[in-house]
Structures are given as C-alpha cells and as structure tokens.
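Peer 1: Structure incoming, see below.
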Amino acid sequence: MAEPTPPAEPPKATPSPLSPSGYSNHAIHLVRTVQAMNLTLSQMADSKASILMGATFVVFTITMGQAKNGHLPASLLVLATFAFASAMCAVFAVLPSIGRPGPSARLNKLFFGTFTAMDEEEWTQSVLADLKSDEGTFRLMLHDMYQNGQVLQHKKYRYLGFAYRLFMAGLTLTVVVFIGEYLVARG
C-alpha cells in the first residue's frame, strides 16, 4: 500500500513592503474597498425602501378607490393599515438626519453635516493637519467608515427590516381575514 502524499503547502503570500509609517501599502486599498462596500449597502437599503414605498402606494391607491365606492372590506383595511406602517418604517430608513452632534461627540470631518457647519478655512486646515501622516489619513477614513456603519446598522437596515416584516405580517393577516370574510359570506 502506498503512503499518502502530504498535502501541498498553499502558496505563500508575497510580503507587502511597508510604507515609512509602518502600514502595509495594501492597507489603503482595504479601507477604500470597505468604504465602497458600505456605500453599496447604503444604496441597496435606499433602493429596497423605495421599492417597498412604491408597493405600499399601490395598496393605498386600491384602498382609496374601494373606500370612495363605499365598500371597504376588512381584509383590505388590514392590508392598508400594515402597508401604511410599513411605508412609515421605509421612510424612516431613508430619512436623512443631519442634526448637530453633541459637545462630547467626536466630529466626523468627512461628513457634510459637520464640515458645512464649520468655516471653510478652519475645516480645510483641520483636515490638512490630519492628512500630514498616513495614520491621520487612516483615522479620518476609519472614523467615517465606522459612523457610516453605525447609520447602516442602527437606522437604515433596522427600519428596513421592520418595514418588510410589517408588510409580510400584513399580507399574511390579510389572507387570514379574507378567508374569514369569504367563509362568512358563503354562510
């Protein structure tokens, strides 16, 4: 019986030369990639919220038409109620909040809500001071990335999740109520 051959070693990564600051030359590419991914996730959340708002407006249009005719079945009222709640959550997901940070909050110099409140020259000098070193540049980018992630996690995707769950619950309850109405009507 032949002895099994040991698995081949995976190819070794080519070491990346370090910049004078001690950071890998690939570090900036990693940070940029993650920033681009976060931007894509934000755009996806906005698109999903817009799609859901469009669907709820169709439901509202149908509901209003039925209400004008004087005939609004309970199932349609249930659907309209859940669609409204879902639409509100979708709006909260995309609603911008650009309030001023508290005095103890660390300012995000790359966020327009911060720098538009500053004098242009003061902001420029402050950012240029951070850009004098690789670490300062990374800190600016990482702080911006962290704050964008906080908005994605605690606002956009949170409210978007509520919106879709409400819409699904409304659809399910609408079917149940519709079946009940149908069975009562058949007597």
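Residue numbering for the sequence shown follows this note's numbering, beginning at 1 and increasing consecutively.
Using N, Cα and C, we set each Cβ at its ideal position, and we do this for glycine too.
Bear in mind that the values here come from a model prediction, so they are computed numbers and not experimental data.
How many Å lie between residue 173 and residue 84 at the Cα?
Peer 2: As a position in the sequence shown, residue 173 is number 173, starting the count at 1. As a position in the sequence shown, residue 84 is number 84, starting the count at 1. Residue 173 and residue 84: Cα-Cα distance of roughly 14 Å.
Peer 1: Relative to the C-alpha of residue 80, which residue among 71, 94, 62 is closest?
Peer 2: On the sequence shown, residue 80 is found 80 positions in, with the first residue counted as 1. When only C-alpha atoms are compared, the closest one is 62.
Peer 1: Using the Cα positions of residue 88 and residue 26, report the straight-line distance between them to the nearest angstrom.
Peer 2: Residue 88 sits at position 88 when you count from the first residue of the sequence shown. Residue 26 sits at position 26 when you count from the first residue of the sequence shown. About 42 Å.
Peer 1: Applying the 10 Å Cβ sphere with the 16-neighbour rule, what's the burial state of residue 68?
Peer 2: Here residue 68 corresponds to residue number 68 of the sequence shown, with the count starting at 1. So residue 68 ends up on the exposed side.
Peer 1: Give me, in chain order, the residues of the same chain whose beta-carbon lies closer than 6 Å to that of residue 139; leave out the 5 immediate sequence neighbours on both sides.
Peer 2: As a first step, residue 139 is located in the sequence shown; it is residue number 139 there, counting from the start. No residues qualify anywhere along the chain.
Peer 1: Rounding to the nearest angstrom, what Cα-Cα distance links residue 155 and residue 181 in this structure?
Peer 2: For the purposes of this step, residue 155 is taken as residue 155 along the sequence shown, with counting starting at 1. For the purposes of this step, residue 181 is taken as residue 181 along the sequence shown, with counting starting at 1. Whole-angstrom Cα-Cα distance: 38 Å.
Peer 1: Just the Cα atoms here: how many angstroms apart are residue 143 and residue 159?
Peer 2: Counting from one through the sequence shown, the residue named residue 143 turns up at place 143. Counting from one through the sequence shown, the residue named residue 159 turns up at place 159. About 23 Å.
Peer 1: Output yes or no for whether 8 Å exceeds the beta carbon distance between residue 167 and residue 77.
Peer 2: In the sequence shown, counting from the first residue as 1, residue 167 sits at position 167. In the sequence shown, counting from the first residue as 1, residue 77 sits at position 77. Cβ atoms of residue 167 and residue 77: not closer than 8 Å.
Peer 1: What residue range is occupied by the uninterrupted alpha helix (DSSP H) comprising residue 164?
Peer 2: Translated into the one-based positions of the sequence shown, residue 164 becomes position 164. Start and end: 157-186.
Peer 1: Between the beta-carbon of residue 92 and the beta-carbon of residue 147, is there less than 8 Å?
Peer 2: Your numbering for residue 92 matches position 92 in the sequence shown. Your numbering for residue 147 matches position 147 in the sequence shown. Cβ atoms of residue 92 and residue 147: not closer than 8 Å.
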